[in-house]
Amino acid sequence: MKPLDARTTNAMSKVRQVKTTPEELVATALREIGASYRRNVRSLPGTPDFANQSRGWAIQVHGCFWHQHDCKRGTMPRHNQNEWRTKFQRNKARDQDVERALTARGLRVLTVWECETKTPAVLTERLKTHLR
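Numbering follows my numbering, with no gaps: position 46 of the sequence shown is 42.
Pasting the structure below:
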């Protein structure tokens, strides 16, 4: 990508990577259903956002924009589209590699998309189903 100007650098510095709002909503739902978990488990491939190795599950929480979900938030920026397309392709390839590696370790992997956290009741039911 091209060097970023000061305004872009400032905006990007505010993008959080841990304890994002969608992650906090998933954490709340997990607590509500009584699930025990560890956060950002570095010992597992891809550092899943939530995991319980003894119960055999991991959860990745993806932002719709950064991971190009098929929803209204998964848009392509108008400027520098080639650079963004390359970045998004790398993100998707990495996501697939991480899911394969976690599955190879015997974990069930659930991807929760940012847009799915907007309806807490639906999110909670989805988590209950996955964690059975």
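Positions of the beta carbon are idealized from the N, C-alpha and C atoms, including for glycine.
Reduced DSSP category for residue i - H, G, I as helix; E, B as strand; rest coil
i, result
"W62", "coil"
"L98", "helix"
"P41", "coil"
"T16", "coil"
Enclosing beta strand (DSSP E) for residue i [first to last residue]
i, result
"V108", "104 to 109"
Per DSSP, the bridge partner or partners of residue i
i, result
"Q56", "T107"
"A47", "R34, A54"
Buried versus exposed, by CB contacts within 10 Å (16 or more), residue i
i, result
"S66", "The residue you asked about is not Ser; residue 66 is Asp in the sequence shown. Classification for D66: exposed."
"Q64", "buried"
"A85", "Sequence inspection shows Gln at residue 85; the Ala mentioned does not correspond to that position. Exposed, by the Cβ-count rule."
"Q77", "exposed"
Residue range of the unbroken alpha helix (DSSP H) whose run includes residue i
i, result
"H126", "116 to 127"
"P73", "Neither: P73 is in no alpha helix (DSSP H) and is coded neither H nor E."
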